[in-house]
Amino acid sequence: MSPDIKEGKCDLFNGEWLPNPSGPAYTNSSCRFIDDHQNCMRNGRPDTGYLHWRWKPYECDLPPFDEIRFLGAMRNKAWGLIGDSILRNQVQSLICLLSKERREYYNWRSIH
1 MSPDIKEGKC
11 DLFNGEWLPN
21 PSGPAYTNSS
31 CRFIDDHQNC
41 MRNGRPDTGY
51 LHWRWKPYEC
61 DLPPFDEIRF
71 LGAMRNKAWG
81 LIGDSILRNQ
91 VQSLICLLSK
101 ERREYYNWRS
111 IH
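Just so we're aligned, residue 1 is where the sequence shown starts under UniProt numbering, counting upward by one.
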């Protein structure tokens with residue numbers, strides 16, 4: 001992690017979206033946790049330009065998500081997340097990022 005972020009010297013909320021030629025960390029086709037009704041590509045969205053952007057805080061560099069480091073930090077911990085559909089989307093996104101590492105670790109259950 002960047003020393004600026006670690007020491008709290010970086011405001012992650014002020015920045016700008018920059019082009020990201022390498023593309024997204026996952027897509028609808030590479031992540032099995034995206035529900036069909038949320039799958040923009042399968043539902044006919046013709047453009048893909050929205051996939052090629054990344055957030056850049058003004059005051060520091062934001063490193064790419066490190067799923068191995070995250071899993072190590074969360075080992076032997078349990079989470080309880082309560083929220084609406086926006087939180088559900090964020091959890092699905094996190095699971096998609098984590099599923100690049102090892103699929104058998106995830107026990108995703110949504111209670112409606």
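A virtual CB, placed ideally from N, CA and C, is assigned to each residue, including glycine.
> Under the DSSP definition of a beta bridge, which residues are partnered with residue 17?
Replying inline: 55
> Hey, quick one: how far does the alpha helix (DSSP H) through residue 60 stretch, first residue to last?
Replying inline: That residue, residue 60, is in no alpha helix (DSSP H); it is neither H nor E in DSSP.
>> Mapping the DSSP letters down to three states, classify residue 28 as helix, strand or coil.
In response: coil
> Quick one: any contact between the segment 47-56 and the segment 23-38, if contact means 3 or more CB pairs under 8 Å?
Replying inline: yes
>> Helix, strand or coil, according to DSSP, for residue 42 in the structure here?
In response: coil
> In chain order, what residues of the same chain have a beta carbon less than 7 Å from the beta carbon of residue 92, not counting five sequence neighbours either side?
Replying inline: 33, 34
>> Within 10 Å of its beta-carbon, does residue 28 have 16 or more other beta-carbons around it, so buried, or fewer, so exposed?
In response: buried
> If you run the structure through DSSP and keep just helix, strand and coil, what is residue 76?
Replying inline: coil
>> By alpha-carbon positions, which one of 81, 61, 30, 74 ends up nearest to residue 14?
In response: 61
>> I need the DSSP call for residue 22, collapsed to helix, strand or coil.
In response: coil
> From what residue to what residue does the alpha helix (DSSP H) around residue 99 run?
Replying inline: Segment: none, residue 99 is in no alpha helix (DSSP H) and carries neither H nor E.
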